[in-house]
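Input: a single structure, listed below in structure tokens.
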Amino acid sequence: MRGHGNKFKLFGCQQIALSVGLALLAGPAWAGVTVNEALLSPQSLTASSGNDGRDELKTMLGRVRQLKGYSYDSVLTTYTGGKQIVEIGKLYFKSPNLVRFEVIKSGSRSGAVVVKQADGKIRGHMGGAFRGIKLTLSPDSKILKSANGFSIMEADLESLLSDADKKAKGDFKCLAVGAGSGRPAVVELLESDGDVKDRIAVDSHVKLPSEWNIFNSNKLASALQLNNVEVRNDLPDSLFSFDKESESKSLVADSLSPTSGLGALKASPSRPIDVATCKDINRMIKQMAVLADYVPSDVAQGDGWISGTREMLLSTCVDLESLQYALSPVSGAIGNTKGNSAAAIASQWNSCAASFHTTLDQLFDQLSNDQPDNAAVKKLGSDLKASVKALRAASERIEDLI
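Going by this note's numbering, the residue at position 273 of the sequence shown is 323; the numbering climbs one at a time, nothing skipped.
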């Protein structure tokens, strides 16, 4: 199979075996096809002869949690719109939660490096046309998303396996079959109708994922190869941080109190709206309005960007994203607040927030174009201001709930 030649250096650690309960008989889905074809096929490889695979997930998850550090080479192929998008990178992980992802090939992001620091902040050293620019990113930043919609900051093995384990404990059926002649052990997560959602090929030597394929509506959505997995006890902390001199400290979102307002709401999502939260919301929206004015109305010159406008738009979009992320708990807080009008206010807020998110997403899309659409950027800048104005109106209604 692809990635079968993974090298996993154990440095004296004992391998942890998968459960002996795996079925060893080849199912009919393997018959007459290559291993690669079978792994990429939407037809289940476990439905006819698989055993409960939840123990296998737990075993792999336990193995990963014991590691002090590791790295692997990532090759992600996403199937969308009749095309195949290939993204290549390298991930480093150091316990307890330091992550570094180096983007080797991913369109305009090629050459970028993103780290999750010890302080929890996500910092990006941009690649491509933005090479050399360093930014602080929100956890849900579009810059972090691979073509399949998943964040590269959640591509560490514990995050991947924890998500699968959560699915297996929920509405998904988890089945597994053992390795056979020339084929790997496989763990699958099946939807209620029997369709495959996730398929994990398990390396027979290291007992960890070597390939992770995702399916949507009975079609292959993406295939991730995890190559050259290595235990790494030598990773320095400096690998997971950038210099603080280049870090922006001007956003309201960076100065939230952890004990009140939006800061406390982030830690305790069950809190209702209160005075401190409303003050924080107003501060955020006020800064959003200022940033929306920074979107340049003219960006095109000849066949390219006017000097400096592309970088300005990137910085503005990233800052707006951070403010948007800080406001993400507001909808839940409205729902936690008593009042006859709470449902209507929540609906208004959610609609305005969705409109803002869509417009910001479209501005990010413009950044990937070497030849910008001047009219589109100008319209999106206007739409962004309108979205902020709508958020302000919705926030005024939120104050009525106090």
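In this text, a Cβ means the ideal position worked out from N, Cα and C, and glycines have one as well. Remember, it's a predicted structure, so these values are computed and weren't measured experimentally.
| query | From what residue to what residue does the alpha helix (DSSP H) around His407 run? | reply | Here residue 407 refers to the residue found at position 357 of the sequence shown. Segment 392-417, the alpha helix (DSSP H) holding His407.
| Since Val368 and Phe406 are thought to touch, with beta carbons under 8 Å apart, how far apart are those beta carbons, to the nearest angstrom? | Working through the sequence shown from its first residue, we reach residue 368 at position 318. Working through the sequence shown from its first residue, we reach residue 406 at position 356. Incorrect: roughly 15 Å between the Cβ atoms, too far for contact.
| Outcome for Gly77 when other beta-carbon atoms lying within 10 angstroms are tallied against a minimum of 16 | By 1-based counting over the sequence shown, the position of residue 77 is 27. For Gly77, the pLDDT reaches just 49, beneath the cut-off of 50, and the residue's location in the model is therefore unreliable, leaving the point undetermined.
| said: Let me check understanding here. Comparing Cα to Cα, which of Lys223, Val236, Leu306 lies closest to Asp245? | reply: Within the sequence shown, numbered from 1, the residue matching residue 245 stands at position 195. Answer by Cα proximity: Lys223.
| request: Rounded to whole angstroms, what's the CA-CA distance from Thr95 to Glu238? Just pull it up for me. | output: On the sequence shown, residue 95 is found 45 positions in, with the first residue counted as 1. On the sequence shown, residue 238 is found 188 positions in, with the first residue counted as 1. Residue identity differs from the one stated: residue 95 is Leu in this sequence, not Thr. About 8 Å.
| In DSSP terms, what Gly119 is bridged to | Translated into positions along the sequence shown, residue 119 becomes position 69. Note: Gly119 sits in a beta bridge opposite Lys144.
| task | Ignore the nearest five residues each way along the sequence and tell me which others in Ala392's own chain have a CB closer than 8 Å to its CB. | result | Position 342 of the sequence shown, counting from 1, holds the residue named residue 392. Contacts found: Ile384, Gly385, Leu451.
| request: Check whether the Cβ atoms of Ser365 and Leu185 lie closer than 8 Å to each other. | output: On the sequence shown, residue 365 is found 315 positions in, with the first residue counted as 1. On the sequence shown, residue 185 is found 135 positions in, with the first residue counted as 1. Yes, Cβ-Cβ distance for Ser365 and Leu185 is below 8 Å.
| task | Put Asn268 into one of helix, strand or coil per three-state DSSP. | result | Counting from one through the sequence shown, the residue named residue 268 turns up at place 218. In this structure, Asn268 counts as coil in the three-state DSSP scheme.
| message | Pop quiz: Gly139 and Ser124 are said to be a contact at Cβ under 8 Å. What is the actual Cβ separation, rounded to whole angstroms? | response | If you number the sequence shown from 1, residue 139 lands on position 89. If you number the sequence shown from 1, residue 124 lands on position 74. Right, the Cβ-Cβ distance comes to about 5 Å (below 8 Å), so this counts as a contact.
| said: Could you compute how far the alpha carbon of Phe414 sits from the alpha carbon of Gly100? | reply: As a first step, residue 414 is located in the sequence shown; it is residue number 364 there, counting from the start. As a first step, residue 100 is located in the sequence shown; it is residue number 50 there, counting from the start. So the two alpha carbons sit approximately 44 Å from each other.
| To the nearest angstrom, how far is it from the Cα of Thr359 to the Cα of Leu417? | As a position in the sequence shown, residue 359 is number 309, starting the count at 1. As a position in the sequence shown, residue 417 is number 367, starting the count at 1. Computed Cα separation, rounded: 10 Å.
| Of the residues Gly313, Ala303, Thr127, which one's Cα is nearest the Cα of Gln275? | Numbered from its first residue, the sequence shown carries residue 275 at position 225. Nearest C-alpha to Gln275: Thr127.
| request: Going by CA-CA distance only, name the one from Phe265, Lys388, Met338, Asp348 that's closest to Ala376. | output: Within the sequence shown, numbered from 1, the residue matching residue 376 stands at position 326. Of Phe265, Lys388, Met338, Asp348, the residue nearest in Cα terms is Met338.
| request: Report all residues from its chain with a CB closer than 8 Å to the CB of Ser291; omit the five preceding and five following residues, and keep chain order. | output: Walking along the sequence shown from the start, residue 291 turns up at place 241. Answer for Ser291: Val165, Gln167, Ala168, Arg173, listed in chain order.
| request: May I ask which residues mark the beginning and end of the beta strand (DSSP E) holding Lys247? | output: If you number the sequence shown from 1, residue 247 lands on position 197. Lys247 -> beta strand (DSSP E) spans 246-252.
| query | In terms of alpha-carbon separation, which member of Leu312, Leu187, Ala179, Met110 lies closest to Ser357? | reply | Taking the sequence shown and counting its residues from 1, the one referred to as residue 357 is at position 307. Measuring from the Cα of Ser357, the nearest candidate turns out to be Ala179.
| task | State buried or exposed for Arg181, treating a residue as buried only when at least 16 other CB atoms are found within 10 Å of its CB. | result | To locate residue 181, count along the sequence shown from 1; it is residue 131. By the 10 Å Cβ count, Arg181 comes out exposed.
| field | First through last residue of the beta strand (DSSP E) which encompasses Gly174 | value | Translated into the one-based positions of the sequence shown, residue 174 becomes position 124. Note, Gly174: beta strand (DSSP E), 172-175.
| said: At the level of alpha carbons, what is the spacing between Phe151 and Gly389? | reply: Walking along the sequence shown from the start, residue 151 turns up at place 101. Walking along the sequence shown from the start, residue 389 turns up at place 339. C-alpha separation (whole angstroms): 45 Å.
| query | Once you ignore the five residues that flank Leu75 on each side, which residues in its own chain have a CB closer than 7 Å to its CB? | reply | Here the question's residue 75 lines up with position 25 in the sequence shown. Low confidence applies to Leu75: its pLDDT is 38, below 50, so where it sits in the model is not reliable, and the reading given next is rough at best. Within the same chain, Leu75 has close Cβ partners Ser99.
| Buried or exposed by the 16-neighbour rule on C-beta atoms within 10 Å, applied to Gly103 | Position 53 of the sequence shown, counting from 1, holds the residue named residue 103. So Gly103 ends up on the buried side.
| query | Out of Lys118, Ser307, Leu111, which has the shortest C-alpha to C-alpha gap to Asp284? | reply | Here the question's residue 284 lines up with position 234 in the sequence shown. Of the candidates Lys118, Ser307, Leu111, the one whose C-alpha sits nearest the C-alpha of Asp284 is Lys118.
| task | Consider the C-beta atom of Ser99 and the heavy atoms of the ligand MN; say whether any pair is separated by less than 7 Å. | result | No copy of the ligand MN occurs in the structure displayed, which carries no ligand at all.
| Identity of the residue in Arg249, Gly199, Pro259, Ser347 nearest Glu87 by Cα | As a first step, residue 87 is located in the sequence shown; it is residue number 37 there, counting from the start. Selected option, being the one with the closest Cα: Arg249.
| request: Give a yes or no on whether the C-beta atoms belonging to Pro146 and Phe265 are separated by under 8 Å. | output: In the sequence shown, counting from the first residue as 1, residue 146 sits at position 96. In the sequence shown, counting from the first residue as 1, residue 265 sits at position 215. No.
| request: Report yes if the CB atom of Pro319 is closer than 8 Å to the CB atom of Gly382, and no otherwise. | output: For the purposes of this step, residue 319 is identified with residue 269 of the sequence shown, where counting begins at 1. For the purposes of this step, residue 382 is identified with residue 332 of the sequence shown, where counting begins at 1. A contact, by the Cβ cut-off of 8 Å.
| field | Complete alpha helix (DSSP H) runs within the stretch 319-352 (minimum length 4 residues, chain order) | value | The DSSP assignment places complete alpha helix (DSSP H) segments of no fewer than 4 residues inside the stretch 319-352 at 325-342, in order along the chain.
| Does the distance from the CB of Gly131 to the CB of Arg159 come in under 8 Å? | Working through the sequence shown from its first residue, we reach residue 131 at position 81. Working through the sequence shown from its first residue, we reach residue 159 at position 109. Not a contact, by the Cβ cut-off of 8 Å.
| task | Could you name the residues that DSSP lists as bridge partners for Cys367? | result | If you number the sequence shown from 1, residue 367 lands on position 317. Beta-bridge pairing links Cys367 to no other residue.
| field | Ser347 versus Lys428 - alpha carbon distance | value | Position 297 of the sequence shown, counting from 1, holds the residue named residue 347. Position 378 of the sequence shown, counting from 1, holds the residue named residue 428. The straight-line gap from Cα to Cα measures roughly 5 Å.
| Which residue or residues does DSSP assign as beta-bridge partners of Arg3? | The chain is shown only over 51 to 452; residue 3 falls outside these bounds and no answer can be derived.
| How big is the Cα-Cα spacing for Arg52 and Trp355? | As a first step, residue 52 is located in the sequence shown; it is residue number 2 there, counting from the start. As a first step, residue 355 is located in the sequence shown; it is residue number 305 there, counting from the start. Unreliable positioning characterises Arg52 in this predicted model, as indicated by a pLDDT of 44, which lies under 50. A coordinate reading is not provided.
| task | Counting only the same chain and skipping the five closest in sequence on each side, list residues whose C-beta sits under 8 Å from that of Pro259. | result | By one-based count along the sequence shown, residue 259 stands at place 209. The answer, listed in chain order, is Met110, Leu207, Leu210, Leu211, Ile250, Ala251, Val252, Asp253, Leu276.
| field | Span of the alpha helix (DSSP H) around Val208 | value | Here the question's residue 208 lines up with position 158 in the sequence shown. With the sequence shown as reference, residue 208 is identified as Glu, and Val is not the correct amino acid for it. Taken as a continuous stretch (DSSP letters only), the alpha helix (DSSP H) holding Glu208 covers 207-219.
| field | Residue from Glu446, Ser401, Asn424, Leu373 with nearest C-alpha to Gly352 | value | The sequence position of residue 352 within the sequence shown is 302, counting from 1. Closest by alpha carbon: Asn424.
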